[in-house]
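Going left to right, the sequence shown walks through residues 299 to 421 as this note's numbering numbers them. Note that CB positions come from ideal geometry on N, CA and C, so glycine has one too. Some notes on the structure that comes next.
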Amino acid sequence: MTARRDIAADGGGATAFVCVALAGLICLTLLVGQVGGAVVARHRAQGAADLGALAAAGLLAQGAEAGCAEAGEIARRMGVRVQRCSVAQWDVVVDVAANVSVGVFGMRTVRASARAGPVEENE
């Protein structure tokens, strides 16, 4: 009969432990989700920079302004903003930035850069 009283004297300790463990797992899951969102935003910004640089390089025959305007339009459609678009001869460098919410850590800015231009042959 004493063994039965010891088990009954536990008084819900396991329930409290499971609740704390579950709360910890939920917080960890939310944190992983927020970090994943930031990684996705960074990849989206890099894709926008790549496409913007390629589009700008494709329109350089019409002038640097036309190329950079096209890069800006592509960036806008992809939800990022162009920080810098520079043209040097036939090379275009596009830098973009986007804001991403990281939950309790607030807003963060992700940045990406891309270069497009003619292929250099090494002989």
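- The Cβ-Cβ distance between Arg409 and Met376 does not fall below 8 Å.
- Taking a cut-off of 8 Å for Cβ pairs, the region 327-335 and the region 399-416 touch, as three or more such pairs fall below it.
- Unbroken alpha helix (DSSP H) stretches of 4 residues or longer found wholly inside the region 318-371: none.
- Sequence-distant partners of Gly350 (beyond 5 residues in either direction) whose C-beta falls short of 8 Å from its own C-beta, in its chain, are Glu368, Ala369, Gly370, Ile372, Ala373, Val380, Cys383, Val392, Val394, Ala412.
- Between Leu326 and Ala339, the alpha-carbon positions lie close to 20 Å from each other.
- Counted as a single uninterrupted DSSP element, the stretch harbouring Met376 is not any beta strand (DSSP E), since DSSP gives it neither H nor E.
- The straight-line gap separating the alpha-carbon atoms of Gln360 and Gly404 is approximately 42 Å.
- Partner residues in the beta bridge of Thr407, as assigned by DSSP, are Asn397.
- The beta carbon of Ala364 is closer than 6 Å to those of Leu357 in its chain, skipping five residues each way along the sequence.
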